[in-house]
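In this note's numbering, the protein residues as written are 13 to 213.
This is the structure we're talking about:
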C-alpha cells in the first residue's frame, strides 16, 4: 500500500514539474516578460491552489473524490487554462509601454476578457452535458472538473494577473533603458547624416 501511494505521489510531483516547464515554454513565445520561469512557477502554484481549493470545496459539499485519477488533474487544469494564460499575457505585454502597469493590465483584459469568459462558459456547458451520462466515475470527474475550472478561471484574473503585473513592473527599467539607448542611437545617426549632407553641399 505504501509503495502504491509513493508511486502516485511521484506521478503527481512529476506532473507538476512537466506543467512548470510546459508553461515556461509556452510563455517563452511571449516577448517583453522579464522572468518566464517566474511566471511558470506562478502558474504551477495557481494550478496547485485550484486543485486544492476544488478538493476542499467538493469535500465540503459532501462529494468524495475516490474515483478521480489525481495524477491526471494537473494536466486537465492546464489543458483548459494554458490558452487563457498565454492570451492574457500576450494582450497585456503588447499594450503601450508608455502607460502605467495598472492601465496596461486593464487594457489587456478588456481585449481578451470576453473571449476568455466565453471559452470557460463553453467548457462548463460541455462538462455539464457529459455529467448527464449515468457513469458514477465520469459524473464525479465532471463535477470536480467543473469546480476546478471555475476556481482556476477566478485565479487567472486575480492571482496570475497580479504576478504578471509585478513582472512587467520589474521589466520597465530595462525597457526604458533600451528605449533611451535606441533614441540616442537614432539621434547620432541623424546627426551623422546631417553632417554628410552638409559636406556634400
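Yeah, the Cβ is synthetic: ideal placement off N, Cα and C, and Gly gets one too.
- Around the C-beta of residue 114, fewer than 16 other C-beta atoms lie within 10 Å, and the residue is accordingly described as exposed.
- Per DSSP, reduced to three states, the secondary structure at residue 139 is helical.
- The beta-carbon distance between residue 163 and residue 71, rounded to whole angstroms, is 14 Å. This is too long to meet the 8 Å contact definition.
- About 17 Å separates the Cβ atoms of residue 37 and residue 179, ruling out a contact at the 8 Å cut-off.
- Beyond the five residues adjoining it in sequence on each side, residue 111 comes within less than 8 Å, by CB distance, of 119 in the same chain, given in chain order.
- Under the criterion of beta carbons closer than 8 Å, residue 55 and residue 35 qualify as touching, at roughly 4 Å.
- For residue 158, the enclosing alpha helix (DSSP H) stretches over residues 148–167.
- In the three-state scheme derived from DSSP, where H, G and I count as helix and E and B as strand, residue 179 is classed as helix.
- A Cβ-Cβ separation of about 6 Å places residue 58 in contact with residue 172 under the 8 Å criterion.
- Only exposed fits residue 108, as fewer than 16 other CB atoms lie within 10 angstroms of its CB.
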